[in-house]
Amino acid sequence: MLFSNINYFSTESGQIHCGYVQVLNEKIVYVGEKKPKIHENEEIYDGTDKLLLPGFINTHCHAPMTLLRSIGADLPLQRWLHEKIFPIEKKLTESYSYTGTMLGIAELLRSGVTSFSDMYVLGKSRCDAVLESGINANICMGIVCFDDKNFQEAPFVQDTIDMIKEYHNTNHGQLQIDVGIHAEYTSTPNVVRGAAELAFDNKCNVQLHLCETQQEVEACHMRHHKSPVQYFSELGIFKNNTTAAHCVYLTENDLELLSAHQVSVAHCPMSNLKLGSGIADIVKMQAHNINVTIGTDGTASNDNLNYIEDMKLAALLQKGYHKDPSVIPASTLLKMATCHGAVAQGRTNTGKICQGFDADLVVIDFNSINLQPQTEPLTEMIYAALPSDVALTMVRGKILYQNGQFPTIDIEKILFDAKKIGETLYPLKNRISL
Ligand SMILES: [Zn+2]
């Protein structure tokens, strides 16, 4: 496919250029101002009034939680988890998880996401949904441990080992299996050490929740006499390429540790606000050369997977928090959403519109009401665009979403099944009483 006469965002220059981007099979084979040689039967995509971007990379998600959308509103994190989330999660099956993941993937593709990092309690169904849909993903289980079990006996360790054997690096890395540690407050030092070794031995990335609430940090000090960052650092987890979600409460020492170990942060502004967790100072993180990326978190705390909305909120929060409109300009934010996300996921072949990179791309249509008149496309992209302006989402050269259609997902069936599951999990009388 040739994207012809199209505006495209360069992560290298941080600016928009106009020209041609050619895709052959899975790869971007040409980027430039001059029209390249057209291959036989090549599709020409008219780039008039369109903006081509590297696909967005959502570095923290729980896709099957689409089935728990919006439950437990107005509760703080610990009560939200124990009173609302965990009881419903006990009822989930692999079949439910498959439907929830597919629903989540459709929602992600619709807002221009081409890759996501996902932690949850069911694994196989998520991997199958990723492979069937064609989206890139880093999938992990959230390993937990509440007693002095050996690493091998801790919940979700064997699942992680099995998934690494069966799925790690499937389809040339389309699907990667990461090692997930749910959080400090749901782990033991023994299990964290084991997870660090498991990831290291299998060349896996690590995903975890970190310093999400003040209560979490205070409780960690009571238990271990150190911050959660120090806890994980001393147990060796950061020798692996790690993405830490949230990081709302960091000390100067924590910032230095994260920077020294090149830990990426998945900033989840919508979730942090909805759960009343606080505001993460990502400007300060970036000043410490920490790789800050954007995550949606799950739909029980967001409550959608509209990645564009999270980008906008990430910028607005910092401008308000620092009382400085110059922080986090649109070009910085788009890099956080693309090439920086790729670094977090340990992917070296995506996140940029460059020759030789995977064709993981999103097209924004600037003909819509909310994008007129065209003034400053990068700024409009962050502050004015909606998922309905996503005209096309392509992963590895294959169109996975275009003009409301999902070529690889039977969206009618997924919507039907999701509705049925909802009726089972949330009986009508409860829904009315809400
Ligand atoms: Zn999370």
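So in our numbering, spot 29 of the sequence shown is number 36, and the numbers just go up one at a time.
For each residue, glycine too, the CB sits at the ideal point set by N, CA and C.
Restricting attention to alpha helix (DSSP H) runs no shorter than 4 residues, the region 151-234 encloses them at 164-174, 177-180, 196-208, 221-231, ordered along the chain.
Relative to ligand 1, the nearest heavy atom lies less than 7 angstroms away from the CB of G305. Between A70 and G107, the gap from beta carbon to beta carbon is short of 8 angstroms. By the neighbour-count criterion, in which 16 or more other beta carbons inside 10 Å mark a residue as buried, C134 falls on the buried side.
Look at A252: its beta carbon is less than 7 angstroms from one of the heavy atoms in ligand 1. The three-state reading of DSSP puts G26 in strand, counting E and B together.
A contact between stretches requires three or more CB pairs, one per stretch, nearer than 8 angstroms, and the region 111-125 meets this requirement with the region 61-75. Nearest Cα to L205 within the set S77, Y408, F163: F163. Comparing alpha-carbon positions, the option among T258, K233, G302 lying closest to V272 turns out to be G302.
Within the DSSP secondary-structure output, Y52 pairs in a beta bridge with F10. The criterion of a C-beta distance shorter than 8 angstroms is not satisfied by G353 and E33. For D135, the enclosing alpha helix (DSSP H) starts and ends at 131-140.
Taking a C-beta distance under 8 angstroms as the contact criterion, V334 and V369 do not qualify as a contact pair. Per DSSP, S122 is one residue of the beta strand (DSSP E) stretching across 120-127.
Annotated three-state conformation of Y256 is coil, per DSSP. Assignment of F413 by DSSP, reduced to helix, strand and coil, places it in the coil class. F63 is classed as buried because its beta carbon has at least 16 other beta carbons within 10 Å across all chains shown. When secondary structure is reduced to three states using DSSP, F16 falls in the strand class. Taking V270 as the centre and dropping the five residues before and after it, the same chain places the C-beta of F245, T249, A251 closer than 6 angstroms to its C-beta, in chain order.
DSSP places Y314 in the helix class (H, G or I) of the three-state scheme. Inclusion of H67 in the 7 angstroms shell around ligand 1 follows from its C-beta lying nearer than that to a non-hydrogen atom of the ligand.
Judged by pairs of C-beta atoms under 8 angstroms, the region 216-223 touches the region 189-201, as three or more such pairs exist. In its chain, beyond the 5 residues on either side, D317, L320, A321, L324 have a beta carbon closer than 7 angstroms to the beta carbon of P276. For the pair of segments examined, the region 374-390 was found not to touch the region 81-99: the number of CB pairs separated by less than 8 angstroms stays below three. Around the beta-carbon of P394, 16 or more other beta-carbon atoms lie within 10 Å, marking it buried.
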